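Here the structure comes first, spelled out in structure tokens, and everything after it is commentary.
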Amino acid sequence: MPTETEQIELSDDELREITGYAADCARRVLSVFEQELPADTRPREAIEGADAFAAGERRTTALRQSAWAAYKAEKEAESPAVAAAAWSASHAAAAAFLHPKASPHQVKHIVGAAAHAARAEELAAGDDPRVAAETLEWARRHAPAAVGAVLGRLPAAPSGDGRVGEFIRDLDAALRS
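Counted the way UniProt numbering counts, the sequence shown spans residues 1 to 177.
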């Protein structure tokens with residue numbers, strides 16, 4: 001396994017596939033956010049920016065700013081489910097900025113949107129773990145080959161980060177195999 005200072009191989013096509021996957025995961029829970037805060041467009045803009053990058057547009061400062069804006073929306077949300085949905089959108093846009101560095105933290109850039117989407121759906125369903133399991137299974141089934149290939153070049157997901165961290169580690173393990 002590579003060390004954190006080592007670079008990994010990461011093609012532009014893989015980065016676009018990973019970002020498109022992250023956007024698809026975040027899109028599943030965008031309605032959770034928009035039902036409570038319909039006038040706040042930050043998560044939608046982050047997902048749209050991720051989609052545009054995945055479709056071939058350049059990686060821009062505006063895309064990075066949309067990730068930060070969705071993150072700020074997460075911090076301002078009053079409901080934990082709404083916050084998790086915003087964080088999923090933030091991770092979708094941030095996926096475009098995955099670094100080709102052999103760091104466990106980079107795993108979060110790949111599956112963070114899916115993990116936060118699972119938590120948003122779980123919380124929106126009254127903290128029902130079956131709902132999270134269904135979302136994680138969807139994320140596993142819909143992951144493009146690039147997700148598993150790039151995860152295989154990275155160290156395993158880090159410990160910690162509560163329930164979302166658990167989801168990240170579960171997805172990491174499932175998608176590597």
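Just so you know, even glycine gets a beta-carbon here, dropped at the ideal spot from N, CA and C. In this text the structure is predicted, and so the values were computed from the model without any measurement.
- Item | Expected contact under 8 Å - CB spacing of residue 107 and residue 154 to nearest Å | Taking the first residue of the sequence shown as 1, we reach residue 107 at position 107. Taking the first residue of the sequence shown as 1, we reach residue 154 at position 154. Rounded, the Cβ-Cβ distance is 6 Å, consistent with contact.
Item checked: Through-space distance from residue 172 to residue 152, alpha-carbon basis -> Within the sequence shown, numbered from 1, the residue matching residue 152 stands at position 152. Within the sequence shown, numbered from 1, the residue matching residue 172 stands at position 172. Cα to Cα, residue 152 sits roughly 9 Å from residue 172.
Report all residues from its chain with a CB closer than 7 Å to the CB of residue 99; omit the five preceding and five following residues, and keep chain order.
Residue mapping note: residue 99 aligns to position 99 of the sequence shown, counting from 1. Answer for residue 99: 106, listed in chain order.
Q. Which residues share a DSSP beta bridge with residue 7?
A. Translated into positions along the sequence shown, residue 7 becomes position 7. Beta-bridge pairing by DSSP links residue 7 to 101.
Check your understanding: So what's residue 155 in DSSP terms, helix, strand or just coil?
Key -> Here residue 155 is taken as the residue at index 155 of the sequence shown, counted from 1. In this structure, residue 155 counts as coil in the three-state DSSP scheme.
For this session: Please specify which runs of the alpha helix (DSSP H), each continuous and at least 4 residues long, are wholly inside the segment 124 to 173, giving them in chain order.
Result: 129 to 142 and 145 to 151
Item to complete: Count the CB pairs spanning the segment 84 to 92 and the segment 55 to 73 that are closer than 8 Å, and state whether there are at least three.
Response: Segments in contact, yes.
- From residue 11 to residue 167, what does the alpha carbon distance come to, in whole angstroms? Looking up residue 11 in the sequence shown gives position 11. Looking up residue 167 in the sequence shown gives position 167. Taken atom to atom, the span from the alpha-carbon of residue 11 to that of residue 167 is near 26 Å.
Query raised in the report: How would you write the range of the alpha helix (DSSP H) that residue 83 sits in, first residue to last?
Result: What you label residue 83 is simply residue 83 of the sequence shown in a count that begins at 1. 80 to 94 is the extent of the alpha helix (DSSP H) around residue 83.
| message | Starting from residue 50, trace the alpha helix (DSSP H) in both directions and tell me its first and last residue. | response | Start at 1 with the first residue of the sequence shown, and residue 50 comes out as number 50. From DSSP, the alpha helix (DSSP H) with residue 50 extends over 42 to 54.
**Asked** Looking at C-alpha atoms only, which residue of 150, 57, 97 and 174 is the closest neighbour of residue 115?
**Response** Walking along the sequence shown from the start, residue 115 turns up at place 115. Comparing C-alpha distances from residue 115 to each of 150, 57, 97 and 174 shows the shortest one belongs to 174.
Rounded to whole angstroms, how far is the Cβ of residue 149 from the Cβ of residue 26, which I believe are closer than 8 Å? Position 149 of the sequence shown, counting from 1, holds the residue named residue 149. Position 26 of the sequence shown, counting from 1, holds the residue named residue 26. About 21 Å; that fails the 8 Å criterion.
Practice task
Could you pull the start and end residues of the alpha helix (DSSP H) that residue 32 belongs to?
Solution key: In the sequence shown, residue 32 corresponds to position 32, counting from 1. Start and end: 30 to 36.
Note to self: Going by beta-carbon coordinates alone, are residue 66 and residue 36 separated by less than 7 Å?
What the structure shows: Sequence index remark: in the sequence shown, residue 66 carries index 66 (1-based). Sequence index remark: in the sequence shown, residue 36 carries index 36 (1-based). No. Outside cutoff.
Where residue 113 sits in the DSSP three-state scheme
Residue numbering aside, residue 113 sits at position 113 when the sequence shown is read from its first letter. Three-state result, residue 113: helix.
Exercise for the section: Within its chain, find whatever has a CB closer than 6 Å to the CB of residue 83; leave out the 5 residues flanking it on each side and keep chain order. Expected result: What you label residue 83 is simply residue 83 of the sequence shown in a count that begins at 1. Correct list, in chain order: 74 and 77.
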